[in-house]
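Working notes, beginning with the structure itself.
Numbering (my numbering), first residue to last: 203 to 370.
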């Protein structure tokens, strides 16, 4: 069964007429630094991708959801794990460490009805699975996806294409 790309059937264009990285070339340096920091191997790449997929889902970014789903598929993640990220609390497909990371990204991106977004209890739960270097890396991974969330929501790149492709 061949998957079809709806973006070829429905012509989509990003909101901006130029690639933001051409308008602000320093953006590439920031992006490269964030990728380097999250690639220090203190947190499994799959966990970072799961967290970033969940972030895209939370903020309603089709572009980021498609992008991170693709990254997970290319890395060999199962469809069960990928498709159950949105319902991770009820899913049997995630480790305790992955659950803690997913809880952390949800806390950061969603307002809390009571108190701080990241409670001391949640921090302690995450710290049970990650040392301080890994916790810092996980925090940077959330910051990294937030950097791209703003770009994706404002400029609205075409889902399924690389970020620079719509401007090529």
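Each residue gets a CB set at the ideal place from its N, CA and C atoms; glycine is no exception.
Subject >> Where residue 314 falls, given that 16 or more other Cβ within 10 Å makes a residue buried >> reply: exposed
**OP:** Grab the span of the alpha helix (DSSP H) containing residue 270 for me, first residue to last.
**Re:** 264 to 276
Subject >> Cβ contact (3+ pairs, closer than 8 Å) linking the segment 338 to 347 and the segment 297 to 314 >> reply: yes
Original post:
Considering only residues of the same chain and omitting the five flanking positions on each side of residue 230, which have a CB-CB separation below 6 Å?
Top reply: 223
**OP:** Report yes if the CB atom of residue 287 is closer than 8 Å to the CB atom of residue 266, and no otherwise.
**Re:** no
Original post:
Just to confirm, are residue 336 and residue 244 a CB contact at a threshold of 8 Å?
Top reply: yes
Original post:
Alpha carbon to alpha carbon, what distance is there between residue 327 and residue 333?
Top reply: 12 Å
Original post:
For residue 322, which three-state DSSP category applies?
Top reply: helix
Original post:
Any idea if residue 263 is buried or exposed, counting beta-carbon neighbours within 10 angstroms, 16 or more meaning buried?
Top reply: buried
Original post:
Do residue 298 and residue 270 have their CB atoms nearer than 8 Å?
Top reply: no
Subject >> Delimiting residues of the alpha helix (DSSP H) encompassing residue 229 >> reply: 228 to 240
Original post:
Is the beta carbon of residue 251 less than 8 Å from the beta carbon of residue 274?
Top reply: yes
**OP:** Measure from the alpha carbon of residue 302 to the alpha carbon of each residue in 317, 323, 226 and 276, then state which is nearest.
**Re:** 323
Original post:
What did DSSP end up calling residue 331 once you bin it into helix, strand or coil?
Top reply: coil
**OP:** Compute the distance between the beta-carbons of residue 320 and residue 257, then report whether it is under 8 Å.
**Re:** no
Original post:
How would you call residue 249, buried or exposed, if buried means at least 16 neighbouring beta carbons within 10 angstroms?
Top reply: buried
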